[in-house]
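All residue numbers for the sequence shown refer to the working numbering, where the first residue is 2 and numbers rise by one.
A quick write-up on the structure given underneath.
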Amino acid sequence: DLPGGGPTQSPPLPQPPSLSVPGIGDPLLSLERKHVFFVSDLAGIIRGLTVNVSVLTLLTLGLFVASWWILWKTAFGLRLRACGENPHAADAAGINVYRVRYGAVMISGALSGLGGATILVTYSGEFSGSVAGMGFLALAALIFGQWKPTGVLGATFFFGFAATLANASQAEPALQVIPEVVLKVFPYVLTLLALVFFSKSTQAPRAAGEPFEKGKR
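Here it is, written out as structure tokens:
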């Protein structure tokens with residue numbers, strides 16, 4: 002067996018490589034440690050975005066740009082959106098709705114698997130446990146983001162900020178009086194509240210979840 006592994010636990014997985022913008026890490030760290038109002042906080046944010054950035058983060062941003070371009074700038078994206086909005090009109094235009102929909106399901110499954118793999122090789126580090134409700138947050142981000150790449154990106158930043166705030170609060174002495182379970186459920190409660198307030202204005206594809214029957218109008 003590999004070191005760290007066992008009958009019910011996998012060995013630790015190697016961390017993916019990371020990249021940094023050269024020459025700015027140390028000055029930003031020095032400025033952050035001076036605790037200057039707003040300036041040090043801004044330096045910390047910039048340092049977090051430019052130092053030791055995982056290649057998986059860059060891959061995710063690249064996939065966001067690619068998905069936006071494919072959906073809104075290519076013929077395949079137009080067919081895909083047509084099959085989600087009005088599949089019978091797409092069928093009348095000569096589009097193979099079954100092929101497009103099955104292809105979309107396979108692509109989404111592959112991207113979901115990539116998301117799970119990212120969790121394993123980053124903060125989880127092993128093949129054990131679960132994704133801790135990340136699937137629920139992903140569906141909420143899809144609804145909150147109006148089924149559009151830019152909206153989903155904004156929603157994931159919102160939910161990610163809530164999760165990070167909850168995790169960081171556990172190490173803050175002033176917030177240790179708050180029960181740990183409250184901090185852990187905070188991102189999910191915030192997600193539910195966002196869905197309650199914005200669910201009425203969601204614009205899902207009109208034919209989402211409806212089976213397609215060729216020839217039926």
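Note that the Cβ used here is the ideal one computed from N, Cα and C, for glycine as well.
> Going by beta carbon distance, what residues of the same chain come within less than 8 Å of L19, once the five residues before and after it are set aside?
Replying inline: Along the sequence shown, one-based indexing puts residue 19 at 18. Looking at the sequence provided, one finds Ser at residue 19 rather than Leu. Closer than 8 Å at the Cβ level, and outside the excluded window around S19, lie N53, V54, S55, V56.
> How should R48 be labelled, buried or exposed, when 16 other C-beta atoms within 10 angstroms of its C-beta is the threshold for buried?
Replying inline: Indexing the sequence shown from 1 puts residue 48 at position 47. Buried is the call here.
>> For W73, report the span of its alpha helix (DSSP H) as first-last.
In response: Translated into the one-based positions of the sequence shown, residue 73 becomes position 72. Taken as a continuous stretch (DSSP letters only), the alpha helix (DSSP H) holding W73 covers 56–74.
> Under three-state DSSP, which class holds L14?
Replying inline: Residue 14 sits at position 13 when you count from the first residue of the sequence shown. It is coil, neither helix nor strand.
> Do L184 and A163 come within 7 Å of each other at the CB atom, strictly closer than that value?
Replying inline: Start at 1 with the first residue of the sequence shown, and residue 163 comes out as number 162. Start at 1 with the first residue of the sequence shown, and residue 184 comes out as number 183. It is not a contact, given that the beta carbons lie outside the stated cut-off.
> L60 CB to nearest chain E CB: under 7 Å?
Replying inline: Of the protein chains in this structure there is only one, and it is not chain E.
> Can you tell me the Cα-Cα spacing of N168 and G24, whole angstroms?
Replying inline: Within the sequence shown, the letter at position 167 stands for residue 168. Within the sequence shown, the letter at position 23 stands for residue 24. Going by the C-alpha atoms only, they are around 30 Å apart.
> In whole angstroms, what is the alpha-carbon distance linking E214 and Q16?
Replying inline: Counting from one through the sequence shown, the residue named residue 214 turns up at place 213. Counting from one through the sequence shown, the residue named residue 16 turns up at place 15. So the two alpha carbons sit approximately 47 Å from each other.
> Do the region 145–155 and the region 95–115 touch if we need at least three Cβ pairs shorter than 8 Å?
Replying inline: no
> Residues bridged to S19 by DSSP?
Replying inline: On the sequence shown, residue 19 is found 18 positions in, with the first residue counted as 1. S19 pairs with S55.
>> Would the region 74–93 count as touching the region 199–214 if we require 3 or more Cβ pairs under 8 Å?
In response: yes
> What is the rounded straight-line gap between the Cα of V37 and the Cα of V106?
Replying inline: Along the sequence shown, read from residue 1 onward, the residue named residue 37 stands at position 36. Along the sequence shown, read from residue 1 onward, the residue named residue 106 stands at position 105. Whole-angstrom Cα-Cα distance: 50 Å.
> If we count the other Cβ atoms within 10 Å of its Cβ and call it buried at 16 or more, is A111 buried or exposed?
Replying inline: Residue mapping note: residue 111 aligns to position 110 of the sequence shown, counting from 1. Per the 10 Å Cβ criterion, exposed.
> Applying the criterion that 16 or more other CB atoms from any shown protein chain within 10 Å of the CB defines a buried residue, is D27 buried or exposed?
Replying inline: Taking the sequence shown and counting its residues from 1, one reaches residue 27 at position 26. So D27 ends up on the exposed side.
> Are there 16 or more other CB atoms within 10 angstroms of the CB of D92, so buried, or fewer, so exposed?
Replying inline: As a working mapping, residue 92 is identified with position 91 in the sequence shown. By the 10 Å Cβ count, D92 comes out buried.
>> I need the boundaries of the alpha helix (DSSP H) containing A142, first residue and last residue.
In response: Position 141 of the sequence shown, counting from 1, holds the residue named residue 142. Where A142 is concerned, the enclosing alpha helix (DSSP H) stretches over 135–145.
>> For a test of the three-state rule: what should DSSP assign to P88, helix, strand or coil?
In response: Along the sequence shown, one-based indexing puts residue 88 at 87. Correct three-state label for P88: helix.
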